[in-house]
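Enquirer: Residue numbers (the working numbering), protein chains in the order written: chain A, 1 to 341; chain B, 1001 to 1341; chain C, 2001 to 2341; chain D, 3001 to 3341.
Would you mind keeping the following structure in view while I ask a few things?
4 protein chains.
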Amino acid sequence: MTNRNFASDNTAPVAPEIVKAILAANDGAAIPYGGDDWTARAKQRFREQFGAETDVYFAFNGTGANVAGLSALVRPWEAVLCPESAHLQTDECGAFERFSGSKVIPIPTKDGKLRPSDLEPYLKPVDVHFPQPRILSISQATEYGGVYELDELRTLCGFAHERGLKVHVDGARLSNAAASLGVSLRVVTASVDLLTFGGTKNGMMLGDAMCFLKPGLGSETGAFVQKQAMQLSSKMRYIAAQFEAMLAGDLWLKFATHANAMTKRMEERVRSIEGIRIARPVRCNAIFATMDHGAIERVQRDYAFLVWDERLPEVRWMTHWATTPEDVDAFAGALERAVSG
Amino acid sequence: MTNRNFASDNTAPVAPEIVKAILAANDGAAIPYGGDDWTARAKQRFREQFGAETDVYFAFNGTGANVAGLSALVRPWEAVLCPESAHLQTDECGAFERFSGSKVIPIPTKDGKLRPSDLEPYLKPVDVHFPQPRILSISQATEYGGVYELDELRTLCGFAHERGLKVHVDGARLSNAAASLGVSLRVVTASVDLLTFGGTKNGMMLGDAMCFLKPGLGSETGAFVQKQAMQLSSKMRYIAAQFEAMLAGDLWLKFATHANAMTKRMEERVRSIEGIRIARPVRCNAIFATMDHGAIERVQRDYAFLVWDERLPEVRWMTHWATTPEDVDAFAGALERAVSG
Amino acid sequence: MTNRNFASDNTAPVAPEIVKAILAANDGAAIPYGGDDWTARAKQRFREQFGAETDVYFAFNGTGANVAGLSALVRPWEAVLCPESAHLQTDECGAFERFSGSKVIPIPTKDGKLRPSDLEPYLKPVDVHFPQPRILSISQATEYGGVYELDELRTLCGFAHERGLKVHVDGARLSNAAASLGVSLRVVTASVDLLTFGGTKNGMMLGDAMCFLKPGLGSETGAFVQKQAMQLSSKMRYIAAQFEAMLAGDLWLKFATHANAMTKRMEERVRSIEGIRIARPVRCNAIFATMDHGAIERVQRDYAFLVWDERLPEVRWMTHWATTPEDVDAFAGALERAVSG
Amino acid sequence: MTNRNFASDNTAPVAPEIVKAILAANDGAAIPYGGDDWTARAKQRFREQFGAETDVYFAFNGTGANVAGLSALVRPWEAVLCPESAHLQTDECGAFERFSGSKVIPIPTKDGKLRPSDLEPYLKPVDVHFPQPRILSISQATEYGGVYELDELRTLCGFAHERGLKVHVDGARLSNAAASLGVSLRVVTASVDLLTFGGTKNGMMLGDAMCFLKPGLGSETGAFVQKQAMQLSSKMRYIAAQFEAMLAGDLWLKFATHANAMTKRMEERVRSIEGIRIARPVRCNAIFATMDHGAIERVQRDYAFLVWDERLPEVRWMTHWATTPEDVDAFAGALERAVSG
């Protein structure tokens, strides 16, 4: 039977390569809290992929990595600028504000992407009456399935650094973005100061990584925020082994390329269906589309997916490493039947 | 080759029964964030073991469960009373203070156990100048490998409730305590308000559980603190499946009984060695002993374990589900050789 | 010489009636931390003005009162909705987020006032992924010198309560609003749950008051948040005596009426000046106006006032209890000269 | 009638010299938030008294100054070591923990004073599992009315700095200590990094000062923590003018010397009374004494003072700038009558 869940890439099971890595790590005693060999090797893989200066601390989930990582870089009277669609702003239940004491300043965007002109009005002279912007946080891929082009990133990071901001990339779906752009992880994170690199949405069981990409950036703080943010796993090897597998053989790329291709296939199948309008550029593993309420209701009898915005209504469909062409085709068929009533 | 790591029960690999449960859960799509069937079944197992009112929220690790659980019960001007040896006080890097804003009040003890007379001096009339004690937090088993007897628990919990305190049990090693006492999990947590039940030290890969044992206690708060404390796993099924396996067939008891027995075996082997003094009652899966610095150094060439207190010096040896009689006997032999120079 | 500072009502000195009250309180020993007679009498005056259920805690300043008061009503996973122009959002350096751990959700407005339709999009079903709105915080008078009419307040508070929100009024300039509306303090705060009532901008030396207006609302929390938010004065009588004087003889009304009248006089003088456009309705003691950069520069050689928005540019002029008709007329003359170059 | 309140030095009224300074400051408009002339002059006085590098930020009260000042120097995974009798630990309702997220580590002492040997056990190698000690906080005078001798301070500060700690002095009663030691404020704070200098207990209406005594220590943070900790007064001149008066003419010394002398007089009167035992060295403006419950009850019919420890019982009597010899003699007489039944 085909998989009928297009709600999110976190509905997917764990990929067999990852399972294998976990099982291989399950071998005898190991030093806890990251003193083990798997952790050492996984960190080496990160340095290979992201640069020799990369300082990595693992976290359990994306919220943990975002909150701990950002907290290492801000003081409580400093603020984080992000798109108002950022996961940090909309989906982390204020964990960052609670843990760090800092303010998040959400900036309206049309497409989930920020440009220098969006930031300008928030960058005022130092004033004790308002938290001082210190970090620019963007998502690559964006929460709308978009990607920043390399030149957009260069311009934006350059502007941010000029204005005294550090740049954080929420990379829950960085792999999908890099695959879409056809570049390495290192190229897609050039100029970035802090990356949170997610594995859960790309075939892992669980695990995220705070990567301080500039020399010294996390050296006094990374390990402490990891621990204090409740993200230090005692049996670290089981997270490390997954990342090792993901990065050692470009498994991340294989999975992300597949997921993106399945979404592209869906786009092709759906584009011609009357009654469905693809609402945003399709760049990674998500499609946002509008269709009428009745059709949504009909197709949701058999399929799971999110209604992103009830008012339009706009829906989101996601694919992942395990989505098959058959899953996509069956879904496209169901959509077609649903819109035709 | 025998296992030469007696540093902690978190150096152990994952038990095969748990691996099997994880693999079984790796089957197709699942609703994320705990909406899946494994989570539903695991929660049912908790209710069977701890009572029908039990309200369970999973966490990634013990620090996460302690911090999130306690934060659900205190306001920032309220305080937690605990032994000064509590994991909460000594090993969580102030995560509770940071996340909750509340104060931890550590109370000196001889053996890691609190009695009503220890608490009395801290229970003063309401006064805005000092955080009001609101929670009594104890560990069962204790950080010194001891256990509270059932009548001690009854007396202590009764006293705490009379004086307006709620009772939290840090149950990172609750299974070992229950096995040692020969009672069910429910009996050993009678009168307790909040339990944090650990699986990682008893054969799981990772996972802890906040269990609100009184009706309504966590109903408005549990899910929010779980999320805000960065403990909500998107692929929850992989934690839930482990707990389901642990509780469904009393696997927890099998593992804990074995770990305790291995420590008992070690106690028997070591008791007669001249130059080693067992420093505390041996009740679960840890031995605390004193021996001279030279002997420690010699045995640590081949074996890993903690020097708990450099000054005496006092060492700690732990066993776990995977420790074998051969491991123990080999270690006892090594100890004997080490002390005889 | 006339006063040439129209920057804010907090540039004013302390009114003689307030000085007299402070000196009268400076008499012998007094019980500290609010156990004194002046505090008792001042609290009684609040109950007379705001209703018999009013539970009052003094603070040093408006930020302290806002942060402590709101913190008494929210849990860290709950949020405060406010206009994006709110002092809480723009001028308190994130103190609320840091102290409470909660999120502030700023809502765009045209005039600093919120209506039910502005709130509606933020009131979604319970979802652990986002902080739950729990408080509606509005300013009366608004930061733009506007006021909510009584029927607007009734409608807005009714809507908020229906939707499970409590209502906070930032009353740094409540006196000016009540004077403008011609109603009592009680009438202008009907339906409000928490009021922070400011004295500093209306002739006092310093002092703000958290007023819990509904029975029981602050009874378990008010005193603790006052202390923990560093707002509990040991020599409380000197704050209390000021409030006693303000409320005993309707001094608040006298000062606010005068300040409003001075602004009205300025409006009349300025309205006819070509090159100055009054940009917002003038209701209390502030005028917002646009004029060209050169004119601003010329008049600022002799007068102090804020450029609110550099881009238009829009300026703000404020009057207070001590502003004289001569001050206003001289300023209007200076403005006229400045715009004519 | 004589003053019958010996409960605390904060029961005193405001000294006439201070009142005069406040009234003199009440003159026309002033720039708010510390941009005024009084603030500039008061800061200059601090530099004269404490050294040219002194960077001062005013606060409303001692808790505010302690919390804001310390928060400028610690990160949330760093800890403050202090005597367990410290005001920070016992009387600030956990404000520091809540605001900073950091841990306070209270150290038992006999007399409220710390020595290097008390600190040694808390200074362990870096370990992410426990908050790293970063600040040593001591009180001068101590909460038991004692003082650190200059050589004790030198030794303690030298030890702290060697071990990577910064030194904070809670100087709520620094004036009394300096007067008792017969040295300048600068000498008594040599080697100190952060001083919180209190005025309220020595004749002021209200006001405390965070003084960063080392170059650059507070330069990026002082103003922000002052604001974010809700300690930034809009009408700052009224606090600044008080400090200006205190420091310009050594008024601090006159008041403290007097208060100390009154306590010394009381000690002399009381020493010979049978049934009263002076329990601690009398160095400043507090006497700690033991006497029986009945006598306490009898004398408390007419006099206010604290029972410090109910169990002994031990009481505390304090004098201040306004205590007269007649007050003291009358109280000594009352004590004599009370103990003789």
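A virtual CB, placed ideally from N, CA and C, is assigned to each residue, including glycine.
Ordered along the chain, which non-local residues of its own chain (more than five positions away) have a Cβ less than 8 angstroms from that of residue 105(A)?
Expert: As a position in the first sequence, residue 105(A) is number 105, starting the count at 1. Contacts found: 79, 80, 81, 82, 122, 131 and 133.
Enquirer: Does DSSP classify residue 1131(B) as helix, strand or coil?
Expert: Numbered from 1 along the second sequence, position 131 holds the residue referred to as residue 1131(B). Coil, per DSSP.
Enquirer: Can you pull the chain A neighbours of residue 1030(B), defined as C-beta to C-beta under 7 angstroms?
Expert: Residue 1030(B) sits at position 30 when you count from the first residue of the second sequence. Correct list: 11.
Enquirer: Taking the beta carbon of residue 3302(D) as the centre, do at least 16 other beta carbons fall within 10 Å, making it buried, or is it exposed?
Expert: The residue you call residue 3302(D) lines up with position 302 of the fourth sequence. Under this definition residue 3302(D) is an exposed residue.
Enquirer: As a quick exercise: from 2256(C), 2077(C), 2026(C) and 2193(C), pick the residue whose alpha carbon is nearest that of residue 2215(C).
Expert: To locate residue 2215(C), count along the third sequence from 1; it is residue 215. Out of 2256(C), 2077(C), 2026(C) and 2193(C), 2193(C) has the C-alpha closest to the C-alpha of residue 2215(C).
Enquirer: Quick check on the DSSP output: the beta strand (DSSP E) that includes residue 1289(B) runs from which residue to which?
Expert: Working through the second sequence from its first residue, we reach residue 1289(B) at position 289. Where residue 1289(B) is concerned, the enclosing beta strand (DSSP E) stretches over 1286 to 1290.
Enquirer: Buried or exposed: where does residue 2293(C) fall if 16 or more other Cβ atoms within 10 Å of its Cβ makes it buried?
Expert: By 1-based counting over the third sequence, the position of residue 2293(C) is 293. Burial call: exposed.
Enquirer: Do residue 1234(B) and residue 5(A) have their CB atoms nearer than 8 angstroms?
Expert: Your numbering for residue 1234(B) matches position 234 in the second sequence. Your numbering for residue 5(A) matches position 5 in the first sequence. Going by C-beta atoms, residue 1234(B) is not nearer than 8 angstroms to residue 5(A).
Enquirer: Using three-state DSSP, classify residue 3296(D) as helix, strand or coil.
Expert: For the purposes of this step, residue 3296(D) is taken as the residue at position 296 of the fourth sequence. Correct three-state label for residue 3296(D): helix.
Enquirer: What number of angstroms, rounded off, separates the C-alpha of residue 1027(B) from the C-alpha of residue 232(A)?
Expert: Taking the first residue of the second sequence as 1, we reach residue 1027(B) at position 27. Taking the first residue of the first sequence as 1, we reach residue 232(A) at position 232. Looking at the two C-alpha atoms, the distance is approximately 28 angstroms.
Enquirer: So which residues on chain C does residue 1223(B) lean against when the C-beta distance must stay under 8 angstroms?
Expert: Mapped onto the second sequence, residue 1223(B) falls at position 223. Under the 8 angstroms cutoff, chain C gives 2128.
Enquirer: Contact criterion: CB-CB distance below 8 angstroms. Does residue 1103(B) meet it with respect to chain A?
Expert: If you number the second sequence from 1, residue 1103(B) lands on position 103. No, its Cβ sits nowhere closer than 8 angstroms to a Cβ of chain A.
Enquirer: Straight-line CA distance for residue 1255(B) to residue 2058(C)?
Expert: Within the second sequence, residue 1255(B) is the residue found at index 255, counting from 1. Within the third sequence, residue 2058(C) is the residue found at index 58, counting from 1. Going by the C-alpha atoms only, they are around 58 angstroms apart.
Enquirer: In three-state DSSP terms, what is residue 2201(C)?
Expert: Indexing the third sequence from 1 puts residue 2201(C) at position 201. If DSSP states are grouped into helix, strand and coil, residue 2201(C) belongs with the helices.
Enquirer: Taking the beta carbon of residue 2324(C) as the centre, do at least 16 other beta carbons fall within 10 Å, making it buried, or is it exposed?
Expert: Indexing the third sequence from 1 puts residue 2324(C) at position 324. Classification for residue 2324(C): exposed.
Enquirer: In the DSSP assignment, find the beta strand (DSSP E) that holds residue 1318(B) and state where it starts and stops.
Expert: Counted from its first residue, the second sequence places residue 1318(B) at position 318. Run containing residue 1318(B): 1314 to 1318, per the beta strand (DSSP E) assignment.
Enquirer: Closer than 8 angstroms by beta-carbon distance: list the chain B residues that pair up with residue 93(A), in chain order.
Expert: For the purposes of this step, residue 93(A) is identified with residue 93 of the first sequence, where counting begins at 1. Result: 1224, 1227 and 1228.
Enquirer: With a 10 Å radius around its C-beta and 16 neighbouring C-beta atoms as the bar for buried, classify residue 76(A) as buried or exposed.
Expert: Mapped onto the first sequence, residue 76(A) falls at position 76. Under this definition residue 76(A) is a buried residue.
Enquirer: Within the chosen definition, does the stretch 1205 to 1221 of chain B reach the stretch 1238 to 1245 of chain B through at least 3 CB pairs nearer than 8 angstroms?
Expert: Contact between the stretch 1205 to 1221 of chain B and the stretch 1238 to 1245 of chain B is present, because at least three Cβ pairs lie under 8 angstroms.
Enquirer: Looking at residue 2063(C) and residue 2085(C), is the spacing between their C-beta atoms short of 8 angstroms?
Expert: Within the third sequence, the letter at position 85 stands for residue 2085(C). Within the third sequence, the letter at position 63 stands for residue 2063(C). In this structure, residue 2063(C) does not lie closer than 8 angstroms to residue 2085(C) by Cβ.
Enquirer: Compare the beta carbon distance of residue 1189(B) and residue 1165(B) with 8 angstroms and say whether it is the shorter of the two.
Expert: Along the second sequence, one-based indexing puts residue 1189(B) at 189. Along the second sequence, one-based indexing puts residue 1165(B) at 165. Going by C-beta atoms, residue 1189(B) is not nearer than 8 angstroms to residue 1165(B).
Enquirer: Is the CB of residue 2079(C) under 8 angstroms away from at least one CB in chain A?
Expert: Indexing the third sequence from 1 puts residue 2079(C) at position 79. Taking Cβ atoms only, chain A reaches closer than 8 angstroms to residue 2079(C), which makes this a yes.
Enquirer: So residue 3255(D) contacts chain C; which residues on that side make the cut at Cβ distance below 7 angstroms?
Expert: On the fourth sequence, position 255 is the one that residue 3255(D) refers to. By Cβ distance, chain C contributes nothing, its closest Cβ being about 15 angstroms from residue 3255(D), past 7 angstroms.
Enquirer: Rounded to the nearest angstrom, what separates residue 3143(D) and residue 3223(D) at their Cα positions?
Expert: Position 143 of the fourth sequence holds residue 3143(D). Position 223 of the fourth sequence holds residue 3223(D). Distance between the alpha carbons of residue 3143(D) and residue 3223(D): 28 angstroms.
Enquirer: Suppose you measure from the CA of residue 3094(D) to the CA of residue 3036(D); what does that come to, to the nearest Å?
Expert: Locating residue 3094(D) in the fourth sequence gives position 94, where the first residue counts as 1. Locating residue 3036(D) in the fourth sequence gives position 36, where the first residue counts as 1. Whole-angstrom Cα-Cα distance: 33 angstroms.
Enquirer: The stretch 2195 to 2217 of chain C: which residues have C-beta closer than 9 angstroms to a C-beta of chain D, in chain order?
Expert: Within the stretch 2195 to 2217 of chain C, the qualifying residues are 2200, 2201, 2204, 2205 and 2206.
Enquirer: Quick check: what's the CA-CA separation for residue 2111(C) versus residue 2015(C)?
Expert: In the third sequence, counting from the first residue as 1, residue 2111(C) sits at position 111. In the third sequence, counting from the first residue as 1, residue 2015(C) sits at position 15. Roughly 31 angstroms separates the two Cα atoms.
Enquirer: Grouping DSSP H, G and I as helix and E and B as strand, with all else coil, what is residue 1212(B)?
Expert: For this step, residue 1212(B) is matched to residue 212 along the second sequence. If DSSP states are grouped into helix, strand and coil, residue 1212(B) belongs with the strands.
Enquirer: Ignoring anything shorter than 4 residues or poking outside the stretch 3210 to 3249 of chain D, list the alpha helix (DSSP H) runs there in chain order.
Expert: Runs of the alpha helix (DSSP H) inside the stretch 3210 to 3249 of chain D: 3222 to 3228 and 3237 to 3248.
Enquirer: Beta carbons nearer than 9 angstroms to chain C: which residues of the stretch 1057 to 1078 of chain B have them?
Expert: The residues in question are 1071, 1075, 1076, 1077 and 1078.
Enquirer: Tell me the rounded alpha-carbon separation between residue 221(A) and residue 2268(C).
Expert: The residue labelled residue 221(A) in the question sits at position 221 within the first sequence. The residue labelled residue 2268(C) in the question sits at position 268 within the third sequence. So the alpha carbons of these two residues sit roughly 59 angstroms apart.
Enquirer: Name, going along the chain, the residues of the stretch 2121 to 2153 of chain C whose beta-carbon falls closer than 8 angstroms to a beta-carbon of chain D.
Expert: Residues: none.
Enquirer: Count the other CB atoms, across all protein chains shown, that sit within 10 Å of the CB of residue 3030(D); report buried if there are 16 or more and exposed otherwise.
Expert: If you number the fourth sequence from 1, residue 3030(D) lands on position 30. Burial call: buried.
Enquirer: Is residue 121(A) near the ligand HEM, with its Cβ less than 7 angstroms from a heavy atom?
Expert: Summarising the ligand content, the structure contains no ligands, and the ligand HEM is consequently not present.
Enquirer: Is it buried or exposed, residue 1013(B), if we count other Cβ atoms within 10 angstroms and call 16 or more buried?
Expert: Taking the second sequence and counting its residues from 1, one reaches residue 1013(B) at position 13. With 16 or more Cβ atoms within 10 Å of its Cβ, residue 1013(B) is classed as buried.
Enquirer: Report the residue from 2047(C), 2099(C), 2045(C) and 2050(C) whose alpha carbon sits nearest the alpha carbon of residue 2070(C).
Expert: Here residue 2070(C) refers to the residue found at position 70 of the third sequence. The shortest C-alpha separation from residue 2070(C) is found at 2099(C).
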